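Below is one structure, written out as structure tokens, with a few remarks after it.
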Amino acid sequence: MEKTTAWSKQERLFPYIAIFPTVVLIVLVGVVPCIYTFILSLQEYELIKPPATFVGFANYADLLFHNSRYLRALAFTVIFALVATTLELFIGFFIAYLLADKEVSERYSAVIRTLMMVPFVVAPVVVSYTFKTLIYDQTFGYLNYFLRILHLPGFDIFRGALNAPIGILVMEVILRTPFIAIILYAGISSIDPSILDAASIDGATWLKRLTSVVIPTIRPIIVVGFVLRFIDALKMFDEIYVVTGGGPGYVTENVSVFTVKQAFEFFHMGYAAAAAFIFLIVVMILVSLLMRTARF
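Following this line, the structure appears as structure tokens:
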């Protein structure tokens, strides 16, 4: 009887013991840095001029009411993430739908899947530098080479208020679309073929099957893929820092680049921590609104 009681206690404790290492890791990697960042954001702390001075919410007030550069970076971050993620969703869905087609899958599936895996095995810094030097370079880049052949004006990513955002957007869409395409392909492949066959027998066109069967069925997967990719686009750093550095001027400077510059170029650690914490709150609000709008 005592052995049975001891065994039942062990069974009840086992789930807590099993998740304990994960909880500790989350606390150490996520919660503790977040708390430290908030404490740091309440101080005026310059890395080259210690010690820190407590200033309360002065850093937050300056960022939100007196720093137009930060507000511009915040707006650019959100708008760019929405546009990039929306384009990636539509293009990724088109690729996934093609891959799910039997005829296309039998002929080109291996090639398309191989191409989609390339961005996952190449570091974003490498891709960014490749775009900067081999594609966007005004003198030696392939893009301007073909534009000259076609007698069209050259493309200078560092000139004008639209060239740089468009250049970064094209690179980001090419680099990140496979992520959404793979997620949506898994969702479309999970649909029972008999449902689509029944819709075809009832006379539904491919567009009707797409809008009435496929999309409603994988709607939760679409929402999850969009939210995950949107969060990733919000914290984009490597691509912008390598290709434009936030320029020309501050046209492509997002919150991540702004925060890094404040922390490691100007050494305003408290100011950078406040910028990062404001951005964390904005991201949480945006994701919450997206999930509520999607009712998922």
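Just so you know, numbering that gives the first Met the number 0 puts 49 at position 50 of the sequence shown, and the rest follows in order with no gaps.
Every residue, glycine too, gets a C-beta built ideally from N, C-alpha and C.
The structure presented is a predicted model; accordingly, all values stated were derived computationally and were not measured.
Which partner residues does residue 210 have in the DSSP bridge list?
DSSP lists no partner for residue 210.
Just list the residues that DSSP pairs residue 267 with in beta bridges.
45
Of all the options 62, 58, 174, 75, which has the alpha carbon lying nearest to the alpha carbon of residue 253?
75
Looking only at its chain, what residues have a beta carbon closer than 7 Å to the beta carbon of residue 179, apart from the 5 residues adjacent to it on each side?
87, 88, 91, 224, 228
Whether residue 46 touches residue 276 by CB criterion (8 Å)
no
At a threshold of 7 Å, does residue 98 count as lining the ligand NAD (C-beta to nearest heavy atom)?
As presented, the structure is devoid of all ligands, the ligand NAD included, so that no description of it is given.
Taking the alpha carbon of residue 235 as the point to measure from, which residue in 259, 222, 216 has its own alpha carbon closest?
259
How long is the line joining the alpha carbons of residue 286 and residue 226, rounded to whole angstroms?
7 Å
For residue 166 and residue 153, the rounded distance between their alpha carbons:
13 Å
Neighbour-count burial assignment, residue 271, 16 or more Cβ in a 10 Å radius
buried
Smallest Cα separation from residue 249: which of 94, 31, 161, 218?
When only C-alpha atoms are compared, the closest one is 161.
Kindly indicate which three-state DSSP category residue 139 falls into: helix, strand or coil?
coil
Let me make sure I understand the geometry here. Which of 247, 56, 151, 122 has the alpha-carbon closest to that of residue 40?
Of the candidates 247, 56, 151, 122, the one whose C-alpha sits nearest the C-alpha of residue 40 is 56.
Indicate the three-state DSSP secondary structure (helix, strand or coil) for residue 52 in the structure shown.
It is a strand residue.
Distance, residue 38 Cα to residue 264 Cα:
21 Å
Buried versus exposed, by CB contacts within 10 Å (16 or more), residue 149:
Exposed is the call here.
Quick check: the segment 190 to 210 against the segment 133 to 149, are there 3 or more CB pairs under 8 Å?
no
Beta-carbon separation of residue 245 and residue 220 under 8 Å?
Taking 8 Å as the Cβ cut-off, residue 245 and residue 220 do not qualify as a contacting pair.
Only counting the same chain, and skipping five residues up and downstream in sequence, which positions put a Cβ closer than 7 Å to that of residue 143?
Only 137, 153, 154 meet the Cβ criterion.
For the alpha helix (DSSP H) holding residue 226, just list the boundary residues, first then last.
218 to 233
Quick one: what's got a C-beta closer than 6 Å to residue 289's C-beta in the same chain, skipping five residues either side?
226
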